[in-house]
Amino acid sequence: MIRILSLCLFAFLLLVGCEPGVVFKSPVPPEIESLNKIDDPFVGTFMCASDSTMIYVTQDGLFEEHYFRFVTTVDQINEAEGCAIVGRGLVLPEQEQCVPFEYIDSTHIAAKIYELDTLFYFRDYEVAKEYKGHLFLNHKTLQGTWIAWMLTPQSNGNMLLRLIDLENDIEQVEEVTHQYDTRMTRDEEIQYIINPTLVEFEKILEPERNMECETLIRMNPLQLIFNM
239 MIRILSLCLF
249 AFLLLVGCEP
259 GVVFKSPVPP
269 EIESLNKIDD
279 PFVGTFMCAS
289 DSTMIYVTQD
299 GLFEEHYFRF
309 VTTVDQINEA
319 EGCAIVGRGL
329 VLPEQEQCVP
339 FEYIDSTHIA
349 AKIYELDTLF
359 YFRDYEVAKE
369 YKGHLFLNHK
379 TLQGTWIAWM
389 LTPQSNGNML
399 LRLIDLENDI
409 EQVEEVTHQY
419 DTRMTRDEEI
429 QYIINPTLVE
439 FEKILEPERN
449 MECETLIRMN
459 PLQLIFNM
């Protein structure tokens, strides 16, 4: 069974160190060599079906594009520390360039902030592997274990992004492998740290397994123009 996954959850897991109920001792799939770049058919520009977030997949990694629109008052900008109106732009904390804005009325303004987050970039704590037509993106957690995501190209050019996970249940885990340790999470839940062989790992990928999923819709150049 496949469940819909928001890309916000993807970024949240990576950036703050949260983990699923089942994680891995080492990058997966086991016994498969690591990549040093991402190749076709995974490379491209995609839009998340769940929230229209833009995802850029290059040979170097995955990047997530955000636009945040907000409305505030001129007085609030003038009173806030590190904020100012300069010409037709806003000076805001942690923004390298002025943010364009527009007046809604004499006292209110609206602006849009652009952000580009790095989801995967072959850093020391990230490993990519390709196996049987899937791209596996492994990310080392703060606890030293690994979470993994799987990108699967579809016949229509889209891709599925899936979190590699099992139900947090000892019976589910032992259906796959008996090579595991446990630890208590900060939420006082049992987490299984598994170390499957390649044959055992393939059991996790069986269609009936429960996996969080996001559809990435491939964007062609014309679509990108109309979405700008």
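Each number in my numbering corresponds to the 1-based position in the sequence shown with 238 added.
Even glycine gets a Cβ: it sits at the ideal position worked out from N, Cα and C.
The structure displayed is predicted, hence computed values, not measured ones.
Beta-carbon separation (whole angstroms), residue i vs residue j, contact threshold 8 Å
i	j	result
residue 378	residue 359	Not quite, the Cβ-Cβ distance comes to about 13 Å (not below 8 Å), so this is no contact.
residue 384	residue 261	6 Å
Separation of residue j from residue i, as counted between CA atoms
i	j	result
residue 401	residue 306	26 Å
residue 439	residue 374	12 Å
residue 368	residue 451	18 Å
residue 380	residue 442	24 Å
residue 357	residue 275	15 Å
residue 399	residue 344	45 Å
residue 423	residue 258	10 Å
residue 322	residue 328	6 Å
residue 351	residue 269	43 Å
residue 437	residue 425	32 Å
residue 302	residue 267	25 Å
residue 455	residue 263	32 Å
residue 370	residue 348	48 Å
residue 325	residue 308	19 Å
residue 319	residue 304	24 Å
residue 354	residue 361	17 Å
residue 397	residue 453	6 Å
residue 409	residue 446	15 Å
residue 458	residue 300	18 Å
residue 311	residue 278	47 Å
Cβ-based neighbour list, residue i, same chain, cut-off 7 Å, excluding 5 preceding and 5 following
i	result
residue 273	366, 367 and 368
residue 411	260, 404, 418, 430 and 432
residue 435	268
Proximal residues to residue i (C-beta, below 6 Å), its chain only, five neighbours per side dropped
i	result
residue 376	265, 365, 384 and 386
residue 428	420
residue 251	Confidence in residue 251 is poor, its pLDDT being 49 and thus under 50, which makes the residue's placement unreliable; the coordinate value appears in the next sentence. No residues qualify anywhere along the chain.
CB contact below 9 Å: residue i versus chain D
i	result
residue 456	The structure shown contains no chain D; it is built from a single protein chain.
Any non-hydrogen atom of the ligand NAP within 8 Å of residue i CB
i	result
residue 283	Absent from the structure shown: the ligand NAP. Ligands present: none.
- Message: Quick check for students: name the residue ranges of the beta strand (DSSP E) that lie wholly in the region 363-395, counting only runs of 3 or more.
- Response: 364-369, 372-378 and 384-391
- Message: Within 8 Å, do at least three Cβ pairs link the region 268-284 to the region 293-306?
- Response: yes
- Item | Sufficient close CB pairs (3 or more, under 8 Å) joining the region 400-418 to the region 329-337 | no
- May I ask you to verify whether the region 415-429 touches the region 387-395, counting CB pairs closer than 8 Å and requiring at least 3? no
- Query: Would the region 308-325 and the region 339-347 be scored as touching if the rule is three or more Cβ pairs under 8 Å?
  - Reply: yes
- May I have a chain-ordered list of the beta strand (DSSP E) segments no shorter than 3 residues that lie completely inside the region 296-340? 299-311, 322-324 and 327-329
- Task: With a floor of 4 residues, list each alpha helix (DSSP H) that falls wholly inside the region 385-444, ordered by position along the chain.
- Result: 408-414 and 436-442
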